[in-house]
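All letters in the sequence shown, in the order written, are residues 766 to 1206 by my numbering.
Cβ atoms here follow ideal geometry from the backbone N, Cα and C, with glycine treated the same way.
Take a look at the structure set out below.
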Amino acid sequence: MTTGGREADLGGGRLKVLVVGSGAREHAIAWRLSRSPRVGALYAAPGNGGTASLCTNLDGSAEDPEGLSCLAQENAVDVTIVGPEQPLANGVVDLFESRGLKAFGPTRAAAQIEASKSFARSLMAGNGVPSPDFEVFDDYGRAREFLSRHGGPVVVKADGLAAGKGVTVCRSPAQALEALSVCMVSRSFGPAGDRVVVEECMEGREVSVFAFTDGTHLSPMVAACDYKRLGDGDDGPNTGGMGSYAPPDLWSEGLEERVRREIMEPVLRALRESGATYKGVLYAGLMLTETGPRVLEFNCRLGDPETQVILPLMGTDLLEVVLACIDGGLGRLSIEWDSRACAGVVLASGGYPGAYRKGLPIQGLEDVDEDVLVFHAGTKRTGPERDAPTVTDGGRVMTVVGVGPALVQARERAYDNVSRIRFDGAHYRRDIALPQGAPVA
Ligand code: GLY
766 MTTGGREADL GGGRLKVLVV GSGAREHAIA WRLSRSPRVG ALYAAPGNGG TASLCTNLDG
826 SAEDPEGLSC LAQENAVDVT IVGPEQPLAN GVVDLFESRG LKAFGPTRAA AQIEASKSFA
886 RSLMAGNGVP SPDFEVFDDY GRAREFLSRH GGPVVVKADG LAAGKGVTVC RSPAQALEAL
946 SVCMVSRSFG PAGDRVVVEE CMEGREVSVF AFTDGTHLSP MVAACDYKRL GDGDDGPNTG
1006 GMGSYAPPDL WSEGLEERVR REIMEPVLRA LRESGATYKG VLYAGLMLTE TGPRVLEFNC
1066 RLGDPETQVI LPLMGTDLLE VVLACIDGGL GRLSIEWDSR ACAGVVLASG GYPGAYRKGL
1126 PIQGLEDVDE DVLVFHAGTK RTGPERDAPT VTDGGRVMTV VGVGPALVQA RERAYDNVSR
1186 IRFDGAHYRR DIALPQGAPV A
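Spelled out as structure tokens, the structure:
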């Protein structure tokens, strides 16, 4: 299954679509769109070495709403799909709408569900959504006093967006005080850490759940699991995600119904009633506890690396779904998820998540089997020609995705192929999609 090889402009009155972002999630979105008969031309801003073979990569920053809207206007883009959270929190959708441009994702007000942890927790608490006890602090002294007295394990969260680094699970008061100091004294996350949320620590298995919504209707949900730590057995530092799989063994129709009724619908309703109607993808990070699913966090977008393992399972045209979310017709569309499984292994640069080198030649991409997907993230094509060499350009370099009738085959396809892609210092986890407790081969 190749993820490249399509001419950028197919014309013929079909739609021009811009994908905002530069990760493997955005490459997966572009790949899925490239299979839509309604897509005429694909653009990515800024894109990566993988999107370069599907899209016209445009020179622009994902974090500059003004620049993105100019790119959309200059290229007569019909619809823009925003991958990462920061542009959504910066109000890119509001700006596009004010200029008569269609954009997929929540407005700035609705994106608060991810961009402010205290906003999200208050909304959940006010609407009976199962979630942990929490306290919000704007004052370092008060937070310090609370944590010194608390004793038990807690989760310390920077209130705002902190590039995935603002959440610390603390097993001891000393760890909690250190995490607090990182937010409020060293201000490592800038203003995002000036308010801190302290939460009860929950035990159980984590699952990421996604639903498309037009603000009123919710699509059938799809679930995936991701791996945040660098090393096998969830050892080592946190990363942007080292792998993922879908569907999780514990995901069932009964659980989906419960998540819809107890979590997704109340939150959607509360946002609508507050005047911040939420459109786009609603992503609930859940802990499956002994008393049922409880919310770890909400995100206002598709997950990375979960997107790489859920979009291959989508049985409905992604562009149709996106348009229905924007225009409010999701209730008339039936969205299917197929019953196969996917496993995605992230190939990372030597040294990641610490310092790493860029510009290293990547070999073996042409040796990957046709039925395996390779979604690029930190890569760059060194010239405009289709066969120009691709080099590394980031910490997480690509996600290699196997698809199969069940997870065991999907995993086998991914691991059979990941080792064929080579660059100096490349590394990956060996235990992605391994049944819990199984030994790492
Ligand atoms: N997989 C975690 C995230 O996308 O935030």
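Check: Do you know offhand how far D1132's Cα is from K867's?
Finding: Taking the sequence shown and counting its residues from 1, one reaches residue 1132 at position 367. Taking the sequence shown and counting its residues from 1, one reaches residue 867 at position 102. Rounded to whole angstroms, D1132 and K867 show a C-alpha spacing of 39 Å.
Checklist line | Inter-stretch contact (C-beta, 8 Å, three-pair minimum) for the segment 1082 to 1102 and the segment 1155 to 1169 | finding: With the cut-off at 8 Å, the segment 1082 to 1102 and the segment 1155 to 1169 do not touch.
Note to self: What does the alpha-carbon distance come out to for the pair I794 and G906?
What the structure shows: Along the sequence shown, read from residue 1 onward, the residue named residue 794 stands at position 29. Along the sequence shown, read from residue 1 onward, the residue named residue 906 stands at position 141. Spanning the two alpha carbons is a distance of roughly 45 Å.
Check: When DSSP labels each residue in this structure, what does L1053 get in the three-state scheme?
Finding: Your numbering for residue 1053 matches position 288 in the sequence shown. In the three-state reduction of the DSSP assignment, L1053 falls in the strand class, which pools E and B.
Next item on the list: Put S881 into one of helix, strand or coil per three-state DSSP.
Entry: The residue given as residue 881 occupies position 116 in the sequence shown. Reduced to three states, the DSSP call for S881 is coil.
Margin query: Can you determine whether any heavy atom of ligand 1 sits closer than 7 Å to the C-beta of D999, and answer yes or no?
Written below: To locate residue 999, count along the sequence shown from 1; it is residue 234. The answer is no for D999.
Check: Under the rule that 16 or more other beta-carbon atoms within 10 Å means buried, what is S1009, buried or exposed?
Finding: Looking up residue 1009 in the sequence shown gives position 244. Buried is the call here.
Next item on the list: Decide if M1026 is buried, meaning its Cβ has at least 16 other Cβ atoms within 10 Å, or exposed.
Entry: What you label residue 1026 is simply residue 261 of the sequence shown in a count that begins at 1. Before going further, note that residue 1026 is Arg rather than Met in the sequence given. So R1026 ends up on the exposed side.
Margin query: Could you give the first and the last residue of the continuous beta strand (DSSP E) run that contains R970?
Written below: Taking the first residue of the sequence shown as 1, we reach residue 970 at position 205. Its beta strand (DSSP E) spans residues R970 to T978.
Next item on the list: Can you grab the Cα-Cα spacing for the pair A874 / A927, in whole Å?
Entry: Within the sequence shown, residue 874 is the residue found at index 109, counting from 1. Within the sequence shown, residue 927 is the residue found at index 162, counting from 1. Each residue's Cα considered, the two are about 18 Å apart.
Checklist line | Reference L1051, options K922, L1199 and I1028, closest by Cα | finding: Looking up residue 1051 in the sequence shown gives position 286. Nearest C-alpha to L1051: I1028.
Notebook entry, point to check: Of the choices L1053, S834 and T816, whose alpha-carbon is the least far from that of R764?
Noted result: Because the chain here runs from 766 to 1206, residue 764 falls outside it and cannot be looked at.
Note to self: Looking at ligand 1, does it come within less than 7 Å of N1064, judged from the CB to the closest heavy atom?
What the structure shows: To locate residue 1064, count along the sequence shown from 1; it is residue 299. Yes - ligand 1 has a heavy atom lying nearer than 7 Å to the Cβ of N1064.
Checklist line | Collapsed DSSP secondary structure at A773 in the structure displayed | finding: Sequence index remark: in the sequence shown, residue 773 carries index 8 (1-based). Its pLDDT being 40, under 50, A773 is placed unreliably in this model, and the value from its coordinates should be taken loosely. Three-state result, A773: coil.
Notebook entry, point to check: CB of E1071 to nearest heavy atom of ligand 1: below 7 Å?
Noted result: Mapped onto the sequence shown, residue 1071 falls at position 306. It does: the Cβ of E1071 is within 7 Å (strictly closer) of some heavy atom of ligand 1.
Next item on the list: Take G931 as the anchor and find which of G980, E879 and F911 has the nearest alpha-carbon.
Entry: Within the sequence shown, the letter at position 166 stands for residue 931. Comparing alpha-carbon positions, the option among G980, E879 and F911 lying closest to G931 turns out to be E879.
Item checked: Cβ-Cβ distance between C1090 and D979 below 8 Å -> Counted from its first residue, the sequence shown places residue 1090 at position 325. Counted from its first residue, the sequence shown places residue 979 at position 214. Their beta carbons are under 8 Å apart, which means C1090 touches D979 by this criterion.
Check: At what residues does the alpha helix (DSSP H) containing P852 begin and finish?
Finding: Taking the first residue of the sequence shown as 1, we reach residue 852 at position 87. DSSP places P852 in the uninterrupted alpha helix (DSSP H) bounded by E850 to A854.
Item checked: Sequence-distant residues of its chain with Cβ nearer than 6 Å to V947 (five each side left out) -> Position 182 of the sequence shown, counted from the first residue, corresponds to residue 947. Cβ within range, chain order: S953.
Notebook entry, point to check: What alpha helix (DSSP H) runs, 4 residues minimum, are completely inside the segment 773 to 847?
Noted result: Entirely contained in the segment 773 to 847, the alpha helix (DSSP H) runs reaching 4 residues are, in chain order, 789 to 799 and 830 to 839.
Notebook entry, point to check: Less than 7 Å between the CB of G1006 and some heavy atom of ligand 1, yes or no?
Noted result: Residue 1006 sits at position 241 when you count from the first residue of the sequence shown. Yes.
Check: Looking only at DSSP bridge pairs, what is A1011 linked to?
Finding: Indexing the sequence shown from 1 puts residue 1011 at position 246. Bridge partners of A1011: C1107.
Check: Cα separation between S896 and Q838?
Finding: Taking the sequence shown and counting its residues from 1, one reaches residue 896 at position 131. Taking the sequence shown and counting its residues from 1, one reaches residue 838 at position 73. Taking the Cα positions, S896 is about 42 Å away from Q838.
Margin query: Can you tell me whether P1200 is buried or exposed? The criterion is at least 16 other CB atoms within 10 Å of its CB, across all chains shown.
Written below: Numbered from its first residue, the sequence shown carries residue 1200 at position 435. Exposed.
Next item on the list: Measure from the alpha carbon of T1072 to the alpha carbon of each residue in L1084, A1108, T1144 and E1055, then state which is nearest.
Entry: The sequence position of residue 1072 within the sequence shown is 307, counting from 1. The shortest C-alpha separation from T1072 is found at A1108.
Next item on the list: Give me whichever residues DSSP pairs with V901 in a beta bridge.
Entry: Residue numbering aside, residue 901 sits at position 136 when the sequence shown is read from its first letter. Its beta-bridge partners are V962.
Next item on the list: Return helix, strand or coil for N1003, following the three-state DSSP convention.
Entry: In the sequence shown, residue 1003 corresponds to position 238, counting from 1. DSSP places N1003 in strand when its eight states are reduced to three.
Note to self: Are the CB atoms of H1192 and A1120 within a distance shorter than 8 Å?
What the structure shows: For the purposes of this step, residue 1120 is taken as residue 355 along the sequence shown, with counting starting at 1. For the purposes of this step, residue 1192 is taken as residue 427 along the sequence shown, with counting starting at 1. No. Outside cutoff.
Checklist line | Buried/exposed call for L1015, threshold 16 Cβ in 10 Å | finding: Walking along the sequence shown from the start, residue 1015 turns up at place 250. The residue in question, L1015, is exposed, as its Cβ has fewer than 16 Cβ neighbours within 10 Å.
Notebook entry, point to check: With burial defined as no fewer than 16 other Cβ atoms inside 10 Å of the residue's Cβ, what is the status of I1186: buried or exposed?
Noted result: Working through the sequence shown from its first residue, we reach residue 1186 at position 421. Counting of Cβ neighbours within 10 angstroms places I1186 among the buried residues, the total reaching 16 or more.
Notebook entry, point to check: How long is the line joining the alpha carbons of C1065 and L833, rounded to whole angstroms?
Noted result: As a position in the sequence shown, residue 1065 is number 300, starting the count at 1. As a position in the sequence shown, residue 833 is number 68, starting the count at 1. The alpha-carbon separation between C1065 and L833 amounts to approximately 19 Å.
Check: By how many angstroms is the C-alpha of T872 removed from the C-alpha of V782?
Finding: Counting from one through the sequence shown, the residue named residue 782 turns up at place 17. Counting from one through the sequence shown, the residue named residue 872 turns up at place 107. Looking at the two C-alpha atoms, the distance is approximately 19 Å.
Check: How about A1198 and A1171: are their beta carbons less than 8 Å apart?
Finding: Against the sequence shown, residue 1198 aligns to sequence position 433. Against the sequence shown, residue 1171 aligns to sequence position 406. For A1198 and A1171, no; Cβs fall outside 8 Å.
Checklist line | Three-state secondary structure (DSSP) of F861 | finding: Sequence index remark: in the sequence shown, residue 861 carries index 96 (1-based). The answer is helix: DSSP assigns F861 an H, G or I state.
Note to self: Whole angstroms are fine: how far does the CA of E965 sit from the CA of G788?
What the structure shows: Working through the sequence shown from its first residue, we reach residue 788 at position 23. Working through the sequence shown from its first residue, we reach residue 965 at position 200. Approximately 32 Å, taken between the alpha carbons.
Notebook entry, point to check: Taking the DSSP output, what are the residues bridged to M718?
Noted result: Look at the range of the chain in this structure, 766 to 1206, and you will see that residue 718 is not part of it.
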